[in-house]
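Quick notes on the structure that follows.
Protein chains in written order, with my numbering: chain P, 24 to 274; chain L, 4 to 586.
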């Protein structure tokens, strides 16, 4: 299974499916508003949606614009809405979203300004990230070796540190859509990563940021974030843990 | 638009972020430019760990690590670089921990360590636990941690700026030119010192673990100035990529006890490396796999893969320590490593060669020690040369923290005492000319089609096993592809986010890297490390214990000039004499 194949050289010996991919297109240099365009594609069921998008860009319409890099779910570049749900295009296989003869729809993630086609302005998302002091703080002089930490305490960060900042969660959150000042699930997950790090000393500062009106109390527990996370982070649960920590001012 | 910084870092992966952080500590103004967004660099895909002789699980010493690195590199490793590395990486790992990196832990609360290919105790006697890890997402955690520290340090980031030209005049680097994807504007960055840390070029091969963005841009720009690329023939194939996809399956999986098996279920590595079996270095395991496949013992429909067997490991090991690859196998192959065998095949993974530097990261202009003033390089982009002919697993993450840091320190030190060298009158002229040529070309050729032909032919002709006739053919193929690439046109007239334009540029960069790789490989008439020739099967220390320096011949198109550089066969306190490499 190659990550793409040009028209005259389809993958050998594999049953192909004929599908349509319907993409929301928008080029501010010529379009007043977004428009749908549909492309017929012959593909393998085990192809990624990213392969289909690459195929369209490389062999059909080179103007199609989207972000992509690693192609296997670790860089977080290709977050987009596929069949109405936020996903990474490189971690979504066709067989899971479309049958032979069917159509998949692809749109940009919501709540961020669309710059071109599927590509959105990520600055507000990273502004929220930077607002929670997303860095380790410990002012005491470090020992010659490591700061000791038990495996159990290290495990407290396992879920939150798994985040790749793809923005699938934040841009699936209805509160974030209507109130852009809400820091959003991804930033709260990042705060969780440091609040529950036994070595970090800035817990109270971060809890105070979480306690502001842009912080954790905006969350209405809609669970969209948890459903959207391509890395299966139980985001709603982590947000609840941060809420509890704010209530009792301790982690 | 015009910018000016004391130190400019190109690339925001591990090496670039470490360099930026250390440059910032050197009391100079620093900016980091990246063609992606920070946290999206390919360092994030590294899984297994970073090797350092902490001795947290079993006795270990930096001398053992130095020896393993040199032997792993088939004695082409510069021993001074290996000594600095093996000592410094210990401190660098502790420093990452002090930056908050969430390492996995031993029961005593220390950084956990596991086995990895080619890492041994007492100079080759048995495998040793040297790889410090954060589950199987160590690179992801290094990338995140270093970006976090740069946010804290207030480093200036220029995101989605695609570098199109490197300004070097009269032996001094003066800055770079870049296309800003969001605005479509060409920006010039004037700097006292520039650090290149933009990663590798694995995308020249069809099956690769590398991101779509790893197209060797800065290596090519350096090479186009008539400056050399070192040891480009040494390209590492990682033995375990997911079959057909090439997505990396960490060596940590064999460190935890995973076993490679052929069609009959035989643990075939016992025949090739009886001492350390599945934990032999990557070049040996990759060749063993290909040999099994060639002799008809492969698995799968096309008999072109080998099985990775984890089914005997405890479920918790797989789900806890190897969660990332478990997820990849489930997502892409629909297999569950807890009960299923996972088909793998070697995947193009890492460039041992690159822009030559001294041990402080300063770029070299030839094999005699002449340097390019104000220009530094680190990480996979650079060739120190730590990895020699074959890199040991975990030494890439170690390389970028150790030598990224050194490049940052020495670039800042240089910038503090240097004046700005003048930029040429029209630094953006070359970029504008290239853009206008691409926009006005006939367009009868498609860059994706040419790229695909390049990737397939490189895989076939300059892959794991090589020979003279195949590589001579590849030289001709590259010439032809370059001629065709001159007709690639850009049909999208947009100024903003013009990905088509960028991909056309990247194709040119890839063709340069492929040209230098093929010419270097054809020239080296021996087998050493990852460079295995069917027509010269032995290592030949008498004639070839030397580094290759490949120069683009600026007077004759498509011609590559080959020069050499001595290998440093001594460290500062230790020296390891070349010996036959058996495990």
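Positions of the beta carbon are idealized from the N, C-alpha and C atoms, including for glycine.
How should residue i be labelled, buried or exposed, when 16 other C-beta atoms within 10 angstroms of its C-beta is the threshold for buried?
i: residue 168(L); result: buried
i: residue 52(P); result: exposed
i: residue 216(L); result: buried
i: residue 496(L); result: exposed
i: residue 317(L); result: exposed
i: residue 528(L); result: exposed
i: residue 190(L); result: buried
i: residue 213(P); result: buried
i: residue 234(L); result: buried
i: residue 405(L); result: buried
i: residue 66(P); result: buried
i: residue 65(L); result: buried
i: residue 224(P); result: exposed
i: residue 277(L); result: exposed
i: residue 97(L); result: buried
i: residue 4(L); result: exposed
Quick one: residues in its chain with C-beta nearer than 7 Å to the C-beta of residue i, no 5 flanking neighbours on either side, listed in chain order?
i: residue 208(P); result: 192, 193, 196, 248, 258 and 262
i: residue 242(L); result: 285, 288, 289, 292 and 349
i: residue 484(L); result: 453, 456, 457 and 514
i: residue 307(L); result: 296, 301 and 348
i: residue 43(L); result: none
i: residue 165(L); result: 38, 181, 182, 184 and 505
i: residue 556(L); result: 562, 563 and 564
i: residue 428(L); result: none
i: residue 93(L); result: 55, 56, 57 and 65
i: residue 399(L); result: 49, 353 and 383
Which whole-angstrom value describes the C-beta separation of residue i and residue j, a residue pair presumed to lie in contact below a C-beta threshold of 8 Å?
i: residue 35(L); j: residue 158(L); result: 6 Å
i: residue 51(L); j: residue 255(L); result: 3 Å
i: residue 384(L); j: residue 533(L); result: At roughly 18 Å, the Cβ-Cβ gap does not stay under 8 Å, so residue 384(L) and residue 533(L) are not in contact.
i: residue 54(L); j: residue 122(L); result: 6 Å
i: residue 132(L); j: residue 116(L); result: 4 Å
i: residue 211(L); j: residue 205(L); result: 4 Å
i: residue 29(L); j: residue 416(L); result: 6 Å
Could you pull out every residue in the same chain whose Cβ sits closer than 6 Å to the Cβ of residue i, ignoring the five residues on either side in sequence?
i: residue 568(L); result: 370, 550 and 552
i: residue 448(L); result: 487, 490 and 491
i: residue 130(P); result: 47 and 104
i: residue 68(L); result: 56 and 89
i: residue 32(L); result: 8 and 9
i: residue 275(P); result: Since the first and last residues shown for chain P are 24 and 274, residue 275(P) lies out of range.
i: residue 170(L); result: 177, 178 and 430
Apart from the five residues on each side of it in sequence, which residues of its chain come closer than 8 Å, Cβ to Cβ, to residue i?
i: residue 461(L); result: 207, 208, 209, 477, 517, 520 and 521
i: residue 91(P); result: 73, 76, 77, 100, 101, 112 and 113
i: residue 530(L); result: 536, 539, 540, 541 and 542
i: residue 135(P); result: 143, 144, 145, 147, 148, 190 and 194
i: residue 270(L); result: 262, 263, 264, 280 and 281
i: residue 222(P); result: 159, 161, 170 and 172
i: residue 113(L); result: 57 and 59
Give the range of the beta strand (DSSP E) segment to which residue i is assigned.
i: residue 457(L); result: Per DSSP, residue 457(L) belongs to no beta strand (DSSP E); it is in the alpha helix (DSSP H), 450 to 464.
i: residue 260(P); result: Per DSSP, residue 260(P) belongs to no beta strand (DSSP E); it is in the alpha helix (DSSP H), 258 to 271.
i: residue 43(L); result: Where residue 43(L) is concerned, there is no enclosing beta strand (DSSP E), given that its DSSP letter is neither H nor E.
i: residue 103(P); result: 102 to 105
i: residue 416(L); result: It is not in any beta strand (DSSP E) - residue 416(L) instead sits in the alpha helix (DSSP H) that spans 398 to 420.
Can you give me the start and stop residues for the alpha helix (DSSP H) that residue i sits inside?
i: residue 215(P); result: 207 to 218
i: residue 435(L); result: 432 to 443
i: residue 389(L); result: Counting along the chain, residue 389(L) falls outside any alpha helix (DSSP H), and DSSP gives it neither H nor E.
i: residue 226(P); result: 226 to 234
i: residue 252(P); result: From DSSP, residue 252(P) is part of no alpha helix (DSSP H); its letter is neither H nor E.
i: residue 500(L); result: Unbroken run through residue 500(L): none, as it is neither H nor E.
i: residue 345(L); result: Not the alpha helix (DSSP H): residue 345(L) falls in the beta strand (DSSP E), residues 345 to 354.
i: residue 27(L); result: 17 to 28
At 7 Å on the CB atoms, spell out the chain A contacts of residue i, in chain order.
i: residue 188(L); result: Checking the listed chains, one finds no chain A in this structure; the protein chains it contains are P and L.
Next item on the list: Scan the stretch 31 to 95 of chain P and note each continuous alpha helix (DSSP H) run of 4 residues or more that stays entirely inside, going in chain order.
Entry: Correct list: 72 to 78.
Margin query: At 4 residues or longer, what runs of the alpha helix (DSSP H) sit wholly inside the stretch 62 to 141 of chain L?
Written below: Taking only runs of at least 4 residues, the alpha helix (DSSP H) segments lying wholly in the stretch 62 to 141 of chain L are 65 to 75 and 82 to 101.
Check: In chain order, which continuous runs of the beta strand (DSSP E) of length 3 or greater are located wholly inside the stretch 291 to 325 of chain L?
Finding: Those beta strand (DSSP E) runs which fall completely within the stretch 291 to 325 of chain L and span 3+ residues are 309 to 312.
Item checked: Continuous alpha helix (DSSP H) assignments of at least 4 residues falling wholly in the stretch 517 to 586 of chain L -> As for any alpha helix (DSSP H) of minimum length 4 sitting wholly inside the stretch 517 to 586 of chain L, the runs are 544 to 547, ordered along the chain.
Notebook entry, point to check: Quick one: complete beta strand (DSSP E) runs, 3+ long, within the stretch 161 to 219 of chain L?
Noted result: You should have 164 to 172, 175 to 183 and 189 to 199.
Notebook entry, point to check: What residue ranges within the stretch 116 to 178 of chain P form continuous alpha helix (DSSP H) runs of no fewer than 4 residues, ordered along the chain?
Noted result: For the stretch 116 to 178 of chain P, whole alpha helix (DSSP H) runs of length 4 or above, ordered along the chain, are 117 to 120, 146 to 154 and 174 to 178.
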